[in-house]
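*Asks:* Residue numbers (the working numbering): 150 to 398.
Don't be surprised by glycine CBs; every beta carbon is placed ideally from N, CA and C.
Dumping the structure here so I can ask a few things about it.
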Amino acid sequence: MTFSSSIAFSRFFKLLSENFPLIFLLGLLSYVLPDLALSFIGNIYADIDDAYNNVFTSITSSWVGLVVVLLGIFLYLLNISMVTEVAILRAVGKTPRINQIIASALHNALPILAISILSALWIGLGFIALIIPGIILSLGLSVVIPCYVGERHLGVIGALKRSLFLTRNHRGSIFLIGLLSGIVVAILTGMVAGSMQMSLLPHTILTPLTTAATDILGVFGNVLYAAIYVTLRESKDKRDPEQTASVFE
150 MTFSSSIAFS RFFKLLSENF PLIFLLGLLS YVLPDLALSF IGNIYADIDD
200 AYNNVFTSIT SSWVGLVVVL LGIFLYLLNI SMVTEVAILR AVGKTPRINQ
250 IIASALHNAL PILAISILSA LWIGLGFIAL IIPGIILSLG LSVVIPCYVG
300 ERHLGVIGAL KRSLFLTRNH RGSIFLIGLL SGIVVAILTG MVAGSMQMSL
350 LPHTILTPLT TAATDILGVF GNVLYAAIYV TLRESKDKRD PEQTASVFE
């Protein structure tokens, strides 16, 4: 199978349409609802600080804010691991086991954080040197997290190298995928934000709804790059879907 943007999009839409309830529910329970709860707690303490404005409430609010941010990052790392693993398994026709998915996510959290930091540093250095190398690196590392989740033996550095290998000669197609999906996300985000503002809902309701919509779009984005990874792997490793599925036994 050869790789192209149309094939990757087709794989993504097939994956999402056939597994929408599972992916949506997983994203909702593992990330969206906890993220909303954390935002709600953070807003409560911020309001208390604004109301009383003393040293005690300021310190408390700062510590709560820090805990909320750290928990939010941890939830994001768990979610991206779980959604990516489920998407990869379903893309090759395998049934995910929830207990195994959760255990893998807990194990993957810190390595994914390390991968994210290293990727950001590499891409940042590329942009500092010249803009074009930064763009090329960002495209080359676009499937680094699916590489780590899908091929556990690689390790952090191995996943970075694997992503660069899989995306080689296909970065133009990946750029097109990112551009088109970015346009779609911008349109959807604008439509959602516009409709919410027109509804005259209070700020306390609008903010959580906007956060939830953004989180769900992020979950779908993880599915998209998992689909890209599987398609790239079949193309580069010269595997058909059945052979790819056997790798995950």
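1) Please classify residue 205: does DSSP put it in a helix, a strand, or coil?
2) Could you compute how far the alpha carbon of residue 272 sits from the alpha carbon of residue 233?
3) Whose C-beta lies closer than 6 Å to the C-beta of residue 283 among residues of the same chain, with five residues either side of it excluded?
4) Helix or strand or just coil, what does DSSP make of residue 305?
5) My parser needs the alpha helix (DSSP H) runs of 4 or more residues fully inside the stretch 216 to 261; what are they?
6) Do the stretch 152 to 167 and the stretch 353 to 367 make contact, defined as three or more Cβ pairs closer than 8 Å?
7) Return the first residue and the last residue of the alpha helix (DSSP H) that residue 298 is part of.
8) State the Cα-Cα distance for the pair residue 240 and residue 342, rounded to the nearest angstrom.
9) Out of 161, 319 and 367, state which residue places its alpha-carbon closest to the alpha-carbon of residue 151.
10) Taking contact to mean 3 or more Cβ pairs, one atom from each stretch, closer than 8 Å, check whether the stretch 176 to 186 and the stretch 373 to 387 are in contact.
11) Across the stretch 220 to 238 and the stretch 169 to 180, are there enough close Cβ pairs to call them in contact, namely three or more that are closer than 8 Å?
12) Who are the near neighbours of residue 205 in its chain, counting only those whose CB is closer than 8 Å to its CB and skipping five residues on each side?
13) With distance defined between alpha-carbon atoms, name the residue in 306, 299 and 305 nearest to residue 379.
14) With a Cβ-Cβ cutoff of 9 Å, do residue 314 and residue 288 count as a contact?
15) Specify the secondary structure class of residue 153 as computed by DSSP and reduced to three states.
16) DSSP on residue 387, reduced to helix/strand/coil?
17) Within a Cβ cutoff of 7 Å, which residues of the same chain sit near residue 286, ignoring the five residues on either side of it in sequence?
18) Inspect the beta-carbon positions of residue 247 and residue 293 and report whether they are closer than 9 Å.
19) Can you tell me which of the three DSSP states residue 290 falls into?
20) One question on the structure: do residue 301 and residue 253 come within less than 9 Å of each other, judged by their Cβ atoms?
21) For residue 164, which residues in the same chain have their Cβ closer than 7 Å to its Cβ, ignoring the five residues on either side in sequence?
22) What is the rounded straight-line gap between the Cα of residue 245 and the Cα of residue 170?
23) Below 8 Å on the Cβ atoms is my guess for residue 172 versus residue 368; work out the distance and round it to an integer in Å.
*Replies:* So, from the data block:
1) Low confidence applies here, because residue 205 scores a pLDDT of 49, under 50, leaving its location unreliable and the question unanswered by this model.
2) Looking at the backbone, the Cα of residue 272 and that of residue 233 are separated by about 22 Å.
3) Once the five neighbours on either side are set aside, the close Cβ partners of residue 283 are 272, 275 and 276.
4) Of the three classes helix, strand and coil, the one that applies to residue 305 here is helix, per DSSP.
5) Correct list: empty.
6) Result no; under three Cβ-Cβ pairs closer than 8 Å.
7) Residue 298: member of the alpha helix (DSSP H) spanning 293 to 299, first to last residue.
8) If I take the Cα positions, the gap works out to 32 Å.
9) Scanning 161, 319 and 367 for the CA closest to the CA of residue 151 turns up 319.
10) In this structure the stretch 176 to 186 does not touch the stretch 373 to 387; the number of beta carbon pairs closer than 8 Å is below three.
11) Yes: at least three Cβ pairs fall under 8 Å.
12) The predicted model places residue 205 with a pLDDT of 49, which falls under 50 and marks its position as unreliable; any figure quoted below should be read in that light. Counting only Cβ-Cβ distances below 8 Å, and skipping sequence neighbours, we find nothing.
13) Sorting 306, 299 and 305 by C-alpha distance to the C-alpha of residue 379 places 299 at the top.
14) Annotated as distal: residue 314 and residue 288, with beta-carbon spacing of 9 Å or more.
15) DSSP places residue 153 in coil when its eight states are reduced to three.
16) Coil, per DSSP.
17) Take residue 286, set aside five residues on each side of it, and the residues of its chain with a beta-carbon closer than 7 Å to its own are 271, 272 and 275, in chain order.
18) No, Cβ-Cβ distance for residue 247 and residue 293 is not below 9 Å.
19) DSSP places residue 290 in coil when its eight states are reduced to three.
20) Yes.
21) Closer than 7 Å at the Cβ level, and outside the excluded window around residue 164, lie 236, 239, 240, 372 and 376.
22) Approximately 14 Å, taken between the alpha carbons.
23) With 8 Å as the limit, residue 172 and residue 368 qualify as a contact, their Cβ atoms being about 7 Å apart.
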